[in-house]
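Trainee: Heads up: the sequence shown begins at 84 in the numbering used here, then just goes up one per residue.
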Amino acid sequence: MTHPSPRRTAPLHTGWTARSTSPRVPEHLAEHLAGPGVAATVPGCIHTDLLAAGLIPDPYLDDHERLLGWIGRCDWEYTTTFTHAAGPDDARHELAFDGLDTVATVLLNGTEVARTANQHRSYRFDVTELLTDGDNELVVRFTAPVPYADAQSLALGQRPQVNHHPFNAMRKMASNFGWDWGIDVATVGIWRPVRLESWRAARLGAVRVLATASSGTAETGRGTGPRTPDDGARGHLEVRADVAAAPGGVGGTADVSVRLAGRQVDLTGTATVPASGGTAVVHLEVPDVDRWWPRGHGAQPLYDVEVGLAVGGAVVDTWRGRTGFRSTRLDQVPDDDGTSFTLVVNDRPVWVKGANWIPDDAFVHRVDRARYARRLDQAEHAGINLLRVWGGGIYEADDFYELCDERGILTWQDFAFACAAYSEDEPLRSEVEAEARENVARLTPHPSLVLWNGSNENVWGVQEWGWEPLLEGRSWGWGYYSELLPTVVAEVDGTRPYTPSSPWSEDPAVHPNDPDHGSMHSWEVWNRLDWTRYRDDVPRFMAEFGWQGPPTWATLTRAVSDDPLTPESPGMQVHQKAMEGNKKLSLGLVPHLALPDDMEDWHWAMSWNQATAVQVAVEHLRSWAPRCTGSVVWQLNDCWPVTSWAAVDGDERPKPLLFALRHAHADRLVTVQPRRTHGRDGLAAVLVNDSDERWTGDVVVQRLDDAGTELAKTCERVDVAPRSTHTLPLPDDVAGAGEAGGELVRAHLGDVRGLWFFAEPRDSALAAPVLETTVEPTGDGYRLRVRAQNLVRDLTLLADKLHPDARVDDQLVTLLPGEEVALHVTVPDGVTLDAEAMVAPTVLRSLNQLVVAGR
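#1: Just to confirm my understanding: we take C487, look at its own chain, exclude 5 residues before and 5 after, and list those with CB closer than 6 Å. What are they?
#2: For G152, which option in A830, T270, N246, A123 has the closest C-alpha, if you only look at C-alpha atoms?
#3: In whole angstroms, what separates the C-alpha of V701 from that of H748?
#4: If you draw a straight line from the C-alpha of P887 to the C-alpha of Q631, how long is it?
#5: Comparing C-alpha positions only, which one of L770, L933, V803, H600 sits nearest to A850?
#6: Quick one: any contact between the stretch 497-512 and the stretch 547-560, if contact means 3 or more CB pairs under 8 Å?
#7: Using the C-alpha atoms, what's the distance from S359 back to S714?
#8: Within a Cβ cutoff of 6 Å, which residues of the same chain sit near Y231, ignoring the five residues on either side of it in sequence?
#9: Return the CA-CA distance between H167 and R283, expressed in angstroms with no decimal places.
#10: Across the stretch 723-741 and the stretch 879-898, are there enough close Cβ pairs to call them in contact, namely three or more that are closer than 8 Å?
#11: For S423, tell me which candidate among E793, C711, G913 has the shortest Cα-Cα distance.
#12: For V922 versus L898, is the C-beta distance shorter than 7 Å?
#13: Which runs of the beta strand (DSSP E) fall wholly inside the stretch 166-217 and span at least 3 residues, in chain order?
#14: Taking the alpha-carbon positions, what's the A573 to Y617 distance?
#15: State yes or no: is the C-beta of W440 within less than 7 Å of the C-beta of V472?
#16: Are there 16 or more other CB atoms within 10 angstroms of the CB of S644, so buried, or fewer, so exposed?
#17: Can you tell me where the beta strand (DSSP E) holding R751 begins and where it ends?
#18: With distances taken Cα to Cα, identify the nearest neighbour of Y161 among G120, A382, D802, G361.
#19: Where does L239 sit, in a helix, a strand or coil, going by DSSP?
#20: Use the C-beta contact count for P330: other C-beta atoms within 10 angstroms, 16 or more gives buried, fewer gives exposed.
#21: Look up T97 in the DSSP assignment and say whether it is helix, strand or coil.
#22: As a quick exercise: from R291, I139, P812, pick the residue whose alpha carbon is nearest that of R525.
#23: Consult DSSP for N772 and reduce its assignment to one of helix, strand or coil.
#24: Taking 8 Å as the limit between beta carbons, can you name the residues of its chain near D132, skipping five residues before and five after?
#25: Looking only at C-alpha atoms, which of A677, D781, G837, W691 sits nearest to Q756?
#26: Verify whether the separation of the beta carbon atoms of H675 and P844 is less than 7 Å.
#27: Return the Cβ separation of V399 and P595 in integer angstroms, given the expectation that the two are a contact with Cβ distance under 8 Å.
#28: So, W535 versus R490, is the Cβ gap smaller than 7 Å?
#29: Quick check on T760: buried or exposed, where buried means 16 or more other Cβ atoms within 10 Å of its Cβ?
#30: Counting C-beta neighbours from all protein chains within 10 Å, is the total for N251 16 or more, i.e. buried, or is it exposed?
#31: Would you report the Cα separation of S669 and A238, rounded to the nearest angstrom?
#32: Looking only at its own chain, which residues have a Cβ that is under 7 Å from the Cβ of G306, when we skip the five neighbours before and after it?
#33: Using the three-state DSSP reduction, which class does H886 fall into: helix, strand or coil?
#34: Let me check understanding here. Comparing Cα to Cα, which of V575, F742, T92, A480 lies closest to A453?
#35: Going straight from the alpha carbon of R374 to that of L612, what length do you get?
#36: Using a threshold of 7 Å, state whether the C-beta atoms of S585 and W264 are closer than that.
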């Protein structure tokens with residue numbers, strides 16, 4: 084008996100060249116690019132191929148973006164040759180593209196195989212009859228994305244969007260055409276792996292791994308001590324494996340086996356389907372399962388899953404992955420305050436300390452597993468427990484979700500719709516359904532994924548941004564968000580909640596951005612108001628808000644070579660994409676500080692203002708738990724060097740904002756907040772306990788002068804239950820200042836403290852910092868000890884000014900007179916730093932310097 088052979092895979096990543104087939108190429112490059120072309124990298128894109136060939140400057144520097152706009156208006160052709168030798172058992176050969184960007188024609192040995200028009204999905208083409216023994220020529224021709232989008236916009240009917248290109252007319256990463264933080268580099272290329280697969284009889288198609296868990300008997304959602312959360316928890320694994328068969332393949336049946344292993348579990352199950360194709364469903368019950376928890380709530384046990392396909396007793400295909408068992412739901416429940424928006428994992432409400440995620444590089448193929456890991460390291464450092472994958476980007480690679488699984492970082496996945504109206508007509512509708520079905524299936528194994536969301540701001544846009552009269556009755560995407568996508572999620576997944584859009588109020592009759600209902604986005608503050616106005620709203624869930632700041636100094640001066648470098652110099656303006664961004668930066672600073680004239684002072688002032696604005700917002704939101712159940716700041720990361728809302732800049736360096744988030748996201752937080760009690764405005768000390776242990780002790784609240792002298796005091800014994808908030812209104816003698824410019828409130832429980840300053844920094848009596856410093860070498864860098872002789876606010880070591888790869892473990896540290904802090908500076912092997920440079924006033928910064936300079 085002859086058994087079918089296993090599927091064979093041959094990567095097709097070598098030997099590629101790229102050339103232009105367009106007359107729009109600049110004259111000095113035309114002969115080269117129209118002739119032999121350049122060596123091409125796969126996975127990759129044309130911009131990085133041209134950069135590697137030395138034919139274009141780095142798009143991220145100075146005003147090169149404008150110089151390179153022609154690339155997205157040109158057609159391009161990628162070509163390679165590969166050798167194929169047919170095996171005796173081969174019955175079918177398929178070209179498998181994991182990602183084509185975007186409008187492509189695929190040819191093999193001169194014959195057209197297919198045409199594609201969707202970056203967000205993969206493709207598989209039968210080329211059995213086109214392959215030859217020996218050399219084969221594979222060509223992929225890409226249509227210029229900018230004119231294609233323009234033409235499709237007319238063909239489908241113009242629909243409103245927020246960009247200068249109609250990105251909504253094609254299924255391509257929206258921000259690839261530029262955004263209010265993003266560079267306009269409309270790419271083409273084979274951006275994910277490509278291979279030739281050879282198989283006989285049958286192969287696995289989509290594999291959906293659906294792992295859920297019941298509640299443990301000890302889990303109540305709010306504990307009173309150490310938990311044993313998995314007592315009695317039962318896991319259920321459902322695997323749905325699609326089986327594809329070759330035409331004319333063997334008859335009979337195929338067996339699909341599933342093995343679940345790990346955590347002292349080793350279970351197997353099987354199902355049988357016709358060898359001609361179908362979907363096998365295997366169920367496994369796991370008693371006493373170890374449940375997967377978000378970071379800060381428990382461990383992240385993961386189990387190995389192996390799916391095998393056998394025909395005639397011979398294994399012909401396998402799939403391997405990992406999963407975790409947990410339950411997840413979204414509680415959107417009417418109550419006395421409106422409608423809640425609470426993520427619940429394993430029946431435990433999770434207070435979301437989140438950030439929005441954008442593509443980490445405008446050239447997305449450059450983001451590998453190591454780079455994902457570095458971003459997630461920074462997210463963990465900032466206390467982040469959820470990342471929202473924003474709809475103007477991509478469905479990220481498996482590496483991203485696997486790393487989130489390992490770290491307990493929840494993910495909220497938008498479908499690829501953002502800030503626009505979208506046609507629901509063909510050919511887009513079929514493309515949308517195909518990409519949704521594929522990506523929902525691909526991401527099912529990941530326990531970190533807890534929410535699907537249909538779109539970003541699109542429902543809000545129709546109601547609030549004046550789109551309705553422009554649409555003139557045309558479809559705009561509501562059918563996707565209310566019917567197609569929830570149907571796909573229910574059919575393909577069925578274990579996770581879905582919302583049509585963000586913001587979303589649950590009831591379509593309620594304004595989508597109503598703070599009392601569902602999720603909210605807050606952009607009026609950044610656009611028009613001072614950041615103290617974040618406290619005006621107490622939303623049920625804040626899914627977007629943020630404040631701009633420049634990239635770190637090392638990143639800024641690498642990317643912009645203006646001489647002189649000023650806030651308004653030409654390169655700075657290229658690297659500021661927000662409408663009237665610099666004006667908003669200035670208007671947002673002057674209520675707090677005088678606008679500096681010195682560039683380094685300007686850079687520090689804007690960095691401080693960004694960090695402080697967001698920290699004020701997050702602490703305000705946390706202080707209103709459980710009415711408010713989450714904060715998702717815009718944004719964690721950047722895709723190139725730019726002034727933006729990010730906490731980590733485009734060169735991967737942390738900005739002061741990342742440390743502000745770390746402070747505001749601490750599991751135990753003491754924050755002093757304005758509160759109105761008994762009809763009077765006042766202050767309250769709010770204690771937030773986002774841990775599993777009770778937090779007990781004496782809360783000591785003092786009004787101090789800048790010298791540290793106590794002017795008034797109150798003390799109260801508290802017992803703050805796990806995952807709860809306690810509010811302590813302050814008496815008038817503590818909450819009221821005698822000399823506002825020179826006084827503050829300090830509230831502390833143990834070593835956790837919060838501060839309140841009665842006056843804006845520019846109106847305060849802050850003096851120049853008087854510091855005692857010592858620098859000590861350590862095994863991986865230096866320890867800087869700083870002792871303050873006077874009040875020093877927001878002490879920050881800008882380590883990147885010492886060396887581009889130097890890092891410090893904390894920033895924005897306020898020291899009262901006599902207090903000290905030890906800062907740990909790490910440097911690459913072999914790098915030494917100058918001790919005097921480390922404490923120079925342009926490197927060791929404080930708010931005091933800006934106040935004194937502004938007088």
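Ideal Cβ positions, reconstructed from N, Cα and C, are used throughout, including at glycine. No experiment lies behind these values; they were computed from the predicted model shown.
Mentor: By the coordinates alone:
#1: T494, S531
#2: T270
#3: 8 Å
#4: Cα-Cα distance, rounded: 22 Å.
#5: L933
#6: yes
#7: The straight-line gap separating the alpha-carbon atoms of S714 and S359 is approximately 50 Å.
#8: V186
#9: 16 Å
#10: yes
#11: C711
#12: Contact annotation: V922 and L898 have beta-carbon atoms that are not nearer than 7 Å.
#13: 175-180, 186-191, 194-200, 206-209
#14: 37 Å
#15: yes
#16: So S644 counts as exposed.
#17: Segment 751-760, the beta strand (DSSP E) holding R751.
#18: G120
#19: helix
#20: P330 is classed as exposed because its beta carbon has fewer than 16 other beta carbons within 10 Å across all chains shown.
#21: coil
#22: When each option's Cα is compared against that of R525, the closest is R291.
#23: strand
#24: A101, V121, A122, A123, T124, G272
#25: Measuring from the Cα of Q756, the nearest candidate turns out to be G837.
#26: yes
#27: Incorrect: roughly 49 Å between the Cβ atoms, too far for contact.
#28: no
#29: exposed
#30: buried
#31: 43 Å
#32: Its pLDDT being 39, under 50, G306 is placed unreliably by the model, and nothing is read from it.
#33: When DSSP states are grouped into helix, strand and coil, H886 belongs to the coil group.
#34: A480
#35: 44 Å
#36: no
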